[in-house]
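*Asks:* Take a look at the following structure, please.
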(Lines of atoms letter the chains of each structure in order from A and count residues from 1; the text may use other names and numbers.)
(Lines give C-alpha, C1' and ligand atoms only; values in the text may rest on other atoms or scores of the structure.)
Protein backbone atom coordinates (compact mmCIF):
# COMPACT_ATOMS: atom_id res chain seq x y z
CA UNK A 1 0.00 0.00 0.00
CA UNK A 2 2.79 2.37 0.92
CA UNK A 3 4.47 1.59 -2.40
CA UNK A 4 1.34 2.62 -4.28
CA UNK A 5 1.05 5.97 -2.47
CA UNK A 6 4.75 6.67 -3.08
CA UNK A 7 4.25 5.93 -6.76
CA UNK A 8 1.13 8.12 -6.75
CA UNK A 9 3.02 10.95 -5.01
CA UNK A 10 5.76 10.74 -7.64
CA UNK A 11 3.18 10.80 -10.43
CA UNK A 12 1.47 13.86 -8.93
CA UNK A 13 4.81 15.63 -8.51
CA UNK A 14 5.79 14.85 -12.10
CA UNK A 15 2.39 16.04 -13.36
CA UNK A 16 2.66 19.30 -11.40
CA UNK A 17 6.21 19.88 -12.62
CA UNK A 18 5.15 19.15 -16.22
CA UNK A 19 2.20 21.53 -15.91
CA UNK A 20 4.35 24.31 -14.46
CA UNK A 21 6.93 23.73 -17.19
CA UNK A 22 4.29 23.95 -19.92
CA UNK A 23 2.91 27.19 -18.48
CA UNK A 24 6.41 28.66 -18.11
CA UNK A 25 7.33 27.75 -21.70
CA UNK A 26 4.07 29.23 -22.98
CA UNK A 27 4.71 32.50 -21.17
CA UNK A 28 8.31 32.57 -22.41
CA UNK A 29 7.15 32.00 -26.01
CA UNK A 30 4.63 34.81 -25.71
CA UNK A 31 7.10 37.27 -24.23
CA UNK A 32 10.18 36.34 -26.26
CA UNK A 33 8.76 35.47 -29.68
CA UNK A 34 5.14 36.51 -30.16
CA UNK A 35 5.15 40.09 -28.85
CA UNK A 36 8.36 41.14 -30.69
CA UNK A 37 7.04 39.59 -33.90
CA UNK A 38 3.79 41.55 -33.57
CA UNK A 39 5.71 44.77 -32.95
CA UNK A 40 7.91 44.09 -35.99
CA UNK A 41 4.87 43.44 -38.20
CA UNK A 42 3.23 46.66 -37.02
CA UNK A 43 6.40 48.62 -37.73
CA UNK A 44 6.64 47.08 -41.20
CA UNK A 45 2.99 47.90 -41.91
CA UNK A 46 3.49 51.47 -40.74
CA UNK A 47 6.56 51.85 -42.96
CA UNK A 48 4.72 50.33 -45.94
CA UNK A 49 1.83 52.76 -45.40
CA UNK A 50 4.25 55.68 -45.22
CA UNK A 51 5.98 54.57 -48.43
CA UNK A 52 2.67 54.03 -50.22
CA UNK A 53 1.37 57.39 -49.03
CA UNK A 54 4.49 59.14 -50.30
CA UNK A 55 4.11 57.43 -53.67
CA UNK A 56 0.42 58.28 -53.88
CA UNK A 57 1.04 61.94 -53.03
CA UNK A 58 3.92 62.15 -55.52
CA UNK A 59 1.71 60.72 -58.26
CA UNK A 60 -1.06 63.19 -57.50
CA UNK A 61 1.40 66.08 -57.33
CA UNK A 62 2.80 65.05 -60.72
CA UNK A 63 -0.69 64.98 -62.20
CA UNK A 64 -1.39 68.45 -60.80
CA UNK A 65 1.87 69.78 -62.25
CA UNK A 66 0.86 68.47 -65.68
CA UNK A 67 -2.52 70.16 -65.35
CA UNK A 68 -0.86 73.45 -64.36
CA UNK A 69 1.45 73.18 -67.36
CA UNK A 70 -1.50 72.53 -69.66
CA UNK A 71 -3.41 75.52 -68.33
CA UNK A 72 -0.34 77.74 -68.62
CA UNK A 73 0.27 76.56 -72.18
CA UNK A 74 -3.31 77.38 -73.18
CA UNK A 75 -2.93 80.80 -71.58
CA UNK A 76 0.32 81.46 -73.45
CA UNK A 77 -1.32 80.42 -76.71
CA UNK A 78 -3.89 83.15 -76.15
CA UNK A 79 -6.85 80.84 -75.52
CA UNK A 80 -9.69 82.58 -73.79
CA UNK A 81 -9.68 80.79 -70.42
CA UNK A 82 -10.04 81.91 -66.84
CA UNK A 83 -6.65 80.81 -65.56
CA UNK A 84 -7.40 81.48 -61.90
CA UNK A 85 -10.64 79.48 -62.06
CA UNK A 86 -8.87 76.61 -63.80
CA UNK A 87 -6.08 76.62 -61.21
CA UNK A 88 -8.71 76.67 -58.44
CA UNK A 89 -10.40 73.60 -59.98
CA UNK A 90 -7.08 71.79 -60.16
CA UNK A 91 -6.29 72.74 -56.55
CA UNK A 92 -9.67 71.47 -55.39
CA UNK A 93 -9.17 68.24 -57.32
CA UNK A 94 -5.69 67.83 -55.81
CA UNK A 95 -6.99 68.34 -52.28
CA UNK A 96 -9.66 65.66 -52.78
CA UNK A 97 -7.12 63.24 -54.27
CA UNK A 98 -4.69 64.00 -51.43
CA UNK A 99 -7.44 63.23 -48.90
CA UNK A 100 -8.07 59.95 -50.73
CA UNK A 101 -4.38 59.08 -50.37
CA UNK A 102 -4.54 59.69 -46.62
CA UNK A 103 -7.69 57.56 -46.33
CA UNK A 104 -6.11 54.78 -48.35
CA UNK A 105 -2.82 54.81 -46.41
CA UNK A 106 -3.54 55.97 -42.84
CA UNK A 107 -0.65 57.04 -40.66
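Numbering (our numbering), first residue to last: 334 to 440. Backbone N, C-alpha and C fix where the C-beta goes; we use that ideal spot for every residue, glycine too. No experiment lies behind these values; they were computed from the predicted model shown.
(1) Under the three-state reduction of DSSP, which class applies to residue 414: helix, strand or coil?
(2) Please return the same chain residues whose Cβ sits closer than 8 Å to the Cβ of residue 382, not counting the five positions on each side in sequence.
(3) If we count the other Cβ atoms within 10 Å of its Cβ and call it buried at 16 or more, is residue 347 buried or exposed?
(4) Report buried or exposed for residue 368, applying the criterion of at least 16 other Cβ atoms within 10 angstroms of its Cβ.
(5) What residues in its chain sit with their C-beta under 7 Å from that of residue 416, if we drop five residues either side in the sequence?
(6) Can you give me the C-alpha to C-alpha distance between residue 366 and residue 380, rounded to a whole angstrom?
*Replies:* In short:
(1) Collapsing the DSSP output to three states places residue 414 in coil.
(2) Exclusion of the five residues before and after residue 382 leaves 438, 439, 440 as the residues of its chain whose Cβ lies within less than 8 Å of its Cβ.
(3) Counting C-beta atoms within 10 angstroms of its own C-beta, residue 347 has fewer than 16 neighbours from the protein chains shown and is therefore classed as exposed.
(4) Counting Cβ neighbours within 10 Å, residue 368 comes out exposed, since fewer than 16 surround it.
(5) Exclusion of the five residues before and after residue 416 leaves 404, 408 as the residues of its chain whose Cβ lies within less than 7 Å of its Cβ.
(6) Roughly 21 Å between the two C-alpha positions.
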